[in-house]
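Taking the numbering used here, the leading residue of the sequence shown gets 325, the next gets one more, and so forth.
Below is one structure, written out as structure tokens, with a few remarks after it.
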Amino acid sequence: MVTLDTRSLMVPVGIVRLLEVVLTCISFSLVASVGHIGSSYWAWCMFTWVFCFVVTLLILIMEFTTLHARVPISWDDFSTAFAMLATLMVLAASVIYPTFYTCLNCGKQIGATVTSCLAFILYATEVGLIRAKPGEISGFLSTVPGLLKVLEAFVACIIFISLHEGLYTLHAGLKWCVAVYSLCFIFALIIIIFTICRLLSLFPFPFDKVLTGYNVLAVLMYMTCVVIWPLYSFKDNHTRPSSCGRSCPWDDQVVVAFMTCFNLVVYIVDTVYSFKLVFFITST
Numbered sequence: 325m326v327t328l329d330t331r332s333l334m335v336p337v338g339i340v341r342l343l344e345v346v347l348t349c350i351s352f353s354l355v356a357s358v359g360h361i362g363s364s365y366w367a368w369c370m371f372t373w374v375f376c377f378v379v380t381l382l383i384l385i386m387e388f389t390t391l392h393a394r395v396p397i398s399w400d401d402f403s404t405a406f407a408m409l410a411t412l413m414v415l416a417a418s419v420i421y422p423t424f425y426t427c428l429n430c431g432k433q434i435g436a437t438v439t440s441c442l443a444f445i446l447y448a449t450e451v452g453l454i455r456a457k458p459g460e461i462s463g464f465l466s467t468v469p470g471l472l473k474v475l476e477a478f479v480a481c482i483i484f485i486s487l488h489e490g491l492y493t494l495h496a497g498l499k500w501c502v503a504v505y506s507l508c509f510i511f512a513l514i515i516i517i518f519t520i521c522r523l524l525s526l527f528p529f530p531f532d533k534v535l536t537g538y539n540v541l542a543v544l545m546y547m548t549c550v551v552i553w554p555l556y557s558f559k560d561n562h563t564r565p566s567s568c569g570r571s572c573p574w575d576d577q578v579v580v581a582f583m584t585c586f587n588l589v590v591y592i593v594d595t596v597y598s599f600k601l602v603f604f605i606t607s608t
């Protein structure tokens, strides 16, 4: 029997989620009214706003009807991981969209940017509110290593939308980099899904040690990409071509190089936390 929990809409987290639904809806509605643009960055921004709108609305409905208690997943892990992911995604959309698609006379585009920035602030607030609840955070994705896994997957997504086939098919080294991005993203996604679905017990080895070993391997692979990607990408074009316009493939190469370095730092931090949990906390 379904019971309605009106309190879920009146607590601070519920109010923040209601505002998130409104603002993300306004954002993608304004952008859709302008018209479709055949660009991976435009598609990413639209996907971000629609995805966040749908999932946030689903969370509100599930908690309002108390159906979340019957779902065979870790609801706290799911809501925390989504809030963190939505914060990063909306932040990226709030930066990418005005960079490529707004102008001084583009009223709807500016409006979409403003509502997107407000939505980012709300999602960041939601993360803070969830993390501030004493005694209610128990799952892996609510810990620092868990949130780092979400960040690693997100950065990989930014790398993927910046990749174009013509940028990496010319050299075997660049193909290796794409393989590294893909493998690390898939493994991070598997960890997130297994955690939410409470399937970590299926791992034939201790999860914390598997995670530590993977993190070390990911750091080593990303270190090769930090060297190989700029070495081959900018081999014949060290500076931005003067003929490039607002949307330039050279800029995409820079984004991939920067995000590769950023993700390497995240993986290093993740590895340090993993070693601390496995070899220091467990031994004491």
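Ideal Cβ positions, reconstructed from N, Cα and C, are used throughout, including at glycine.
Since the structure is predicted, the reported quantities are computational estimates derived from the model, not experimental observations.
A straight-line Cα-Cα distance of about 44 angstroms links Phe-582 and Arg-331.
In the displayed model, Leu-494 falls within coil according to three-state DSSP, outside both helix and strand. Per DSSP, Phe-484 is one residue of the alpha helix (DSSP H) stretching across 468 to 486. Here Ala-417 has Cys-369, Thr-372 and Ser-440 as same chain residues with Cβ atoms under 6 angstroms from its own Cβ, once five neighbours each way along the sequence are excluded. Only residues of its own chain outside the window of five on either side were considered, and among them Phe-444, Tyr-447, Ala-448 and Val-451 have a CB closer than 7 angstroms to the CB of Thr-411, listed in chain order. Here Arg-564 carries a coil assignment [DSSP, helix/strand/coil]. About 5 angstroms separates the Cβ atoms of Cys-501 and Trp-553, confirming a contact at the 8 angstroms cut-off.
8 angstroms or more divides the Cβ of Val-374 from the Cβ of Phe-406. If you ignore the 5 residues before and after Leu-491, its C-beta comes within less than 8 angstroms of the C-beta of Leu-498, Ser-557, Pro-573, Asp-576, Gln-577 and Val-580, all in its own chain and listed in chain order. Taking all protein chains shown into account, Leu-526 has fewer than 16 neighbouring C-beta atoms within 10 Å of its C-beta and is therefore exposed. Here Leu-328 carries a coil assignment [DSSP, helix/strand/coil]. Thr-449: member of the alpha helix (DSSP H) spanning 431 to 455, first to last residue. In the DSSP assignment, Thr-584 falls within the alpha helix (DSSP H) that extends over 573 to 599.
Looking only at Phe-529, Leu-494 and Met-408, the smallest Cα-Cα distance to Arg-455 is reached by Met-408.
Only exposed fits Ala-496, as fewer than 16 other CB atoms lie within 10 angstroms of its CB.
Approximately 7 angstroms separates the beta-carbon atoms of Leu-384 and Val-345; this is inside 8 angstroms, confirming the contact.
Taking 8 angstroms as the upper bound for CB-CB distance, Val-551 and Thr-595 are not in contact here, some 19 angstroms apart.
Straight-line measurement puts the Cα of Pro-530 at about 43 angstroms from the Cα of Phe-352. The beta carbons of Ile-361 and Tyr-421 sit no closer together than 8 angstroms. If you look at Thr-404, you'll find it in the alpha helix (DSSP H) that goes 399 to 425. Straight through space, the alpha carbons of Ala-480 and Asp-560 are spaced by roughly 25 angstroms. An exposed status is given to Ile-517, since fewer than 16 other beta-carbon atoms sit within 10 Å of its beta-carbon. DSSP places Val-378 within a helical segment (H, G or I) once states are collapsed to three. Cβ contact annotation for Phe-484 (same chain, cutoff 6 angstroms, sequence separation greater than five): none. A Cβ-Cβ distance of about 16 angstroms is found for the pair Ala-503 and Ala-477, leaving them out of contact under the 8 angstroms criterion.
If you compare the alpha carbons of Asn-587, Ile-514 and Gly-359 with that of Leu-472, the shortest gap goes to Asn-587.
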